[in-house]
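Given below as structure tokens:
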């Protein structure tokens, strides 16, 4: 009896650790962080709201993005935090960003580096037909992303999306209407 109870408990635990339709241990890819701007400017005392930045995992769907590192909004300077997204299989994606805190009058107190890396400077989207002006053109608006259980970037995303038996897939577009990938529509929507 003790042996049967042990086997039943082990089977139950294995079933809980595995998401429906995804074999345990098969998720080895980290989430995609939906960002197209890597340098952020602000003035002393004005914190930057990073809440519009979301992460998408091809197995787990939407995952939270955290800002790791220190940004001292009370002192001018350059800060180098990292955006982190971790899926439920502990695959992590890290993206470095730069936050420049200027004096209140807008002057920069940190000397410019001799060579600047090529980093997109997109802050919002003024393209005709943009859904929101406050997020980058190449980002999928959070309210759009939240209508899907899972998101799959690129053209190859359609095949991965359609591999799931539950739900149906449709194309997902960025804020400016450009193709981004495919989304698995939430059941009941």
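In this note's numbering, the protein residues as written are 203 to 391. Glycine included, C-beta positions come from ideal geometry on N, C-alpha and C. In this text, all values refer to a predicted model and were calculated from it rather than measured experimentally.
Item                                                                                           : Value
Residue 245 to residue 281 span [Cα, whole Å]                                                  : 13 Å
Extent of the continuous alpha helix (DSSP H) run through residue 360                          : 359–364
Rounded separation between residue 257 and residue 286 - CA only                               : 9 Å
Nearest-angstrom Cα separation, counted from residue 275 out to residue 342                    : 28 Å
Pair within 8 Å by beta-carbon distance, residue 350 and residue 232                           : no
Residues that residue 255 bridges to, as DSSP identifies them                                  : In DSSP, residue 255 forms no bridge with anything.
Sub-8 Å separation of residue 279 and residue 303 beta-carbons                                 : yes
Rounded straight-line distance, which links the Cα of residue 298 to that of residue 273       : 13 Å
Residue 374 versus residue 235 - alpha carbon distance                                         : 15 Å
Residue 283 beta carbon near the ligand COA (any heavy atom closer than 7 Å)                   : The ligand content of the structure shown is nil, which means the ligand COA is not present either.
Coil, strand or helix - residue 346 by DSSP                                                    : helix
Rounded straight-line distance, which links the Cα of residue 229 to that of residue 363       : 14 Å
Opposing strand residues paired with residue 372 [DSSP bridges]                                : 385
Same chain, Cβ closer than 7 Å to residue 354, five either side skipped, listed in chain order : 260, 362, 363, 383, 384
Residue 335 versus residue 327: straight-line alpha-carbon distance, rounded                   : 5 Å
N- and C-terminal bounds of the beta strand (DSSP E) containing residue 302                    : 300–304
Residue 264 in three-state terms, based on DSSP                                                : strand
Residue 241 versus residue 300 - alpha carbon distance                                         : 5 Å
Reference residue 348, options 251, 255, 238, closest by Cα                                    : 255
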